[in-house]
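The next block holds one structure in the form of structure tokens; read it before the comments.
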Amino acid sequence: MKTLWTDGLIFTMDAEGETVEAVLVENGKIIQTGQKDQLVQLADQVNSLQGATMYPGFVDSHIHLIGHGEKLAYLDLSTFTSIQTIVSAVTEHVKKGDWYVAEGWNDNKLVEGRPITCNDLDEMKETPVVLKRICRHVLVANSKAMELAGVTKDTPNPIGGIIGKDEHGNLNGLFYDEAQQLITSHIPAVTIEYLEEVIKASVADLQSKGLTGVHTEDMAYYGPYTVPLEAYRRTIESSFRTHLLRHHEVFEQMQGEEPTEFIEFGAMKIFIDGSLGGHTALLSEDYSDSPGVKGVAVHNQEKLENLVKLARKHDENIAVHVIGDKAVEIILDLIEKYPVPVGKKDRLIHVNVLTEELVNRMANLPVVLDIQPMFVPSDFPWVVDRLGEERLTWAYAWKTLVEKGFDCSGGSDSPIELADPLLGMDAATNNIYLPHQELTAFEAISLFTSGSAKAIGMEHIRGKIMGGYDADFTIVDQALTKQTFATSQVLQTIVNGEIVFKR
């Protein structure tokens, strides 16, 4: 059946300001765009926009879909402003003897001005408690959790991680980057059935925010990769496009897995460094507020090189978490040494801190930059103390990167940040901290439409409203501008030509 969408503003996103009167859809594809009076004759059904505004379907290019779903269900620590209130809330939620896990605490927002430690949590003596920092690169465990995990003050730091200690050399409960696995590997595994419910809740929430799909990374955190993958296979039908990055630990194991139309397999995911908030992002010079600290390298050089070679062996690209400038330098050295297969692009995720030299090197390589506009309102103003004024010239440099012609995609990094793409677009266009890095409305919307399509090599069939493209649309109550992003409301979300959310 041919369905015509019309009677509103329809932005194609092929060029700034370009609109069409009507869009004709059949079998999940856009057949034709053009004038209403011509296309209505071909339609079996007409769906009126009633004056609303249609865009290509919004896609979050960097999210943890399962983590987002879990955040909907459990205590969100990102809203708390003191350690005392966090401890009180957690105490009310724990069940004696059962592991309790929550996330979102942010020491930059806590009145105590410090991270949570095991001392704060040890009134819960019989319950192992694990609270992940908002960046997910640091966690705090209470003494019961460390006891069950067999961690003592004599446990050596693993490669790519640090076990936190106080000034007397005693455990303080903080675990940085790879050291987190010393604790998390002892948390009881989840079931496929549990993940099914989490994914269903997550997808429904994301659809209500206008998202028609995501690029997500969940394959190495819930037991064997087959557990989350089976939950996806049971849950994702034709109402949400799910692009799964493959964590380096399970990348080779997943080579035999068959994709579907709505579950795709993407690049090898690699972490180079941590986060600025946890002082673990890898910088070429010391942190301005922590002399002698440059961050944490997650892998040694030999392992990192072997990972890139493994991806290339399977003719694949890599998607690399790089926040600090030293991390970017390390991966560029390897990308130059082991080029991406012809026709593909490597993905550099976050790229918060750069230098002019690094940008010039990236410009000569086939790369897509996955950026998170919400990092700006989240990280400022405290990040100024971390980096110092001089490094800000090439930090969070979204406008500079777009103007230099880089393909950039937009994501939220939920559950670390809010998953609302309209808020992401608002953050990209209304930047009170770095006004010279503000994007135009068209550039901001492009991050979550054509940009996300480019990130996975699908720009020929997704991200625009054109003949031959997927019939994925986001309908909002008004045209999106710098002034309206934060106040606009998603009215409908359409995937594969079908309405999957209607307000």
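The sequence shown: position 294 = 294 (full-length UniProt numbering), numbered continuously. We treat Cβ as the ideally placed atom computed from N, Cα and C, and that holds for glycine. The structure displayed is predicted, hence computed values, not measured ones.
- Can you tell me the Cα-Cα spacing of residue 116 and residue 146, whole angstroms? What you label residue 116 is simply residue 116 of the sequence shown in a count that begins at 1. What you label residue 146 is simply residue 146 of the sequence shown in a count that begins at 1. Roughly 15 angstroms between the two C-alpha positions.
- Message: As a quick exercise: from 235, 141, 211 and 281, pick the residue whose alpha carbon is nearest that of residue 126.
- Response: Within the sequence shown, residue 126 is the residue found at index 126, counting from 1. The shortest CA-to-CA distance from residue 126 to any of 235, 141, 211 and 281 is the one to 141.
- Query: In the DSSP assignment, what are the bridge partners of residue 511?
  - Reply: Because the chain in this structure spans residues 1 to 503, residue 511 falls outside the shown range and cannot be described.
- Message: So within the segment 343 to 377, which uninterrupted beta strand (DSSP E) runs reach at least 3 residues, ignoring any that extend past its ends?
- Response: Taken in chain order, the unbroken stretches of beta strand (DSSP E) that lie wholly in the segment 343 to 377 and span 3 residues or more are 346 to 350 and 367 to 371.
- Where residue 379 and residue 111 are concerned, what is the direct C-alpha to C-alpha distance, given to the nearest angstrom? For this step, residue 379 is matched to residue 379 along the sequence shown. For this step, residue 111 is matched to residue 111 along the sequence shown. Distance between the alpha carbons of residue 379 and residue 111: 16 angstroms.
- Item | Alpha-carbon spacing of residue 217 relative to residue 41, whole angstroms | Along the sequence shown, one-based indexing puts residue 217 at 217. Along the sequence shown, one-based indexing puts residue 41 at 41. For residue 217 and residue 41, the distance between alpha carbons rounds to 44 angstroms.
- Counting pairs of Cβ atoms below 8 angstroms between the segment 336 to 345 and the segment 313 to 320, do you hit three or more? Segments in contact, yes.
- Message: Less than 7 angstroms between C-beta atoms, sequence neighbours within five positions excluded: which residues of the same chain meet that for residue 418?
- Response: Residue numbering aside, residue 418 sits at position 418 when the sequence shown is read from its first letter. Closer than 7 angstroms at the Cβ level, and outside the excluded window around residue 418, lie 374 and 412.
- Item | 7 angstroms Cβ cutoff met for residue 276 and residue 386 | Here the question's residue 276 lines up with position 276 in the sequence shown. Here the question's residue 386 lines up with position 386 in the sequence shown. One thing to note: residue 276 has its Cβ within 7 angstroms of the Cβ of residue 386.
- Item | Alpha carbon of residue 497 to alpha carbon of residue 193, nearest angstrom | Working through the sequence shown from its first residue, we reach residue 497 at position 497. Working through the sequence shown from its first residue, we reach residue 193 at position 193. The alpha-carbon atoms of residue 497 and residue 193 are separated by roughly 29 angstroms.
- Query: Are the beta-carbon atoms of residue 493 and residue 213 separated by less than 7 angstroms?
  - Reply: Along the sequence shown, one-based indexing puts residue 493 at 493. Along the sequence shown, one-based indexing puts residue 213 at 213. The answer is no: Cβ separation not under 7 angstroms.
- Name the DSSP beta bridge partners of residue 102, please? By one-based count along the sequence shown, residue 102 stands at place 102. Bridge partners of residue 102: 131.
- Query: Where does residue 228 sit, in a helix, a strand or coil, going by DSSP?
  - Reply: On the sequence shown, residue 228 is found 228 positions in, with the first residue counted as 1. It is helical.
- Kindly give me the distance between the Cβ atoms of residue 199 and residue 369, rounded to whole angstroms, as I take these residues to be in contact under 8 angstroms. Within the sequence shown, the letter at position 199 stands for residue 199. Within the sequence shown, the letter at position 369 stands for residue 369. Their Cβ separation, rounded to whole angstroms, is 28 angstroms, which puts residue 199 and residue 369 out of contact at 8 angstroms.
- How would you call residue 159, buried or exposed, if buried means at least 16 neighbouring beta carbons within 10 angstroms? One-based indexing of the sequence shown puts residue 159 at position 159. Burial call: exposed.
- Message: Quick check on the burial criterion: 16 or more other C-beta atoms within 10 angstroms. Buried or exposed for residue 286?
- Response: Working through the sequence shown from its first residue, we reach residue 286 at position 286. Taking a 10 Å sphere around the C-beta of residue 286, we find fewer than 16 other C-beta atoms and assign the residue as exposed.
- Message: Rounded to the nearest angstrom, what separates residue 292 and residue 230 at their Cα positions?
- Response: Sequence index remark: in the sequence shown, residue 292 carries index 292 (1-based). Sequence index remark: in the sequence shown, residue 230 carries index 230 (1-based). In this structure, the straight-line span from the alpha carbon of residue 292 to that of residue 230 is close to 45 angstroms.
- Message: Quick check: residue 295 and residue 324, are their CB atoms within less than 7 angstroms of each other?
- Response: Sequence index remark: in the sequence shown, residue 295 carries index 295 (1-based). Sequence index remark: in the sequence shown, residue 324 carries index 324 (1-based). Yes, these two residues count as a Cβ contact at 7 angstroms.
- Task: Return the bridge partner residues of residue 493 from the DSSP annotation.
- Result: One-based indexing of the sequence shown puts residue 493 at position 493. In the DSSP assignment, residue 493 is bridged to 474 and 501.
- Task: Run through the segment 130 to 181 for me and flag every whole alpha helix (DSSP H) of 4 or more residues, listed as ranges in chain order.
- Result: Assignment of alpha helix (DSSP H) within the segment 130 to 181, counting only whole runs of 4 or more residues, yields 143 to 149 in chain order.
- 7 angstroms Cβ cutoff met for residue 21 and residue 35: For the purposes of this step, residue 21 is taken as the residue at position 21 of the sequence shown. For the purposes of this step, residue 35 is taken as the residue at position 35 of the sequence shown. Using a Cβ distance threshold of 7 angstroms, residue 21 and residue 35 count as a contacting pair.
- Query: Hey, out of 95, 30 and 244, whose CA is closest to residue 472's CA?
  - Reply: Locating residue 472 in the sequence shown gives position 472, counting from the first residue. For residue 472, the closest alpha carbon among the candidates 95, 30 and 244 is that of 30.
- Message: Comparing C-alpha positions only, which one of 6, 233, 37 and 243 sits nearest to residue 49?
- Response: The residue given as residue 49 occupies position 49 in the sequence shown. Minimum Cα distance to residue 49 is reached at 6.
- Item | residue 260 versus residue 458: straight-line alpha-carbon distance, rounded | Position 260 of the sequence shown, counting from 1, holds the residue named residue 260. Position 458 of the sequence shown, counting from 1, holds the residue named residue 458. Between residue 260 and residue 458, the C-alpha separation is close to 15 angstroms.
- Supposed close pair residue 165, residue 153 - CB separation, criterion 8 angstroms: In the sequence shown, residue 165 corresponds to position 165, counting from 1. In the sequence shown, residue 153 corresponds to position 153, counting from 1. Between the beta-carbon of residue 165 and that of residue 153 there is about 7 angstroms, and that keeps the pair under the 8 angstroms contact cut.
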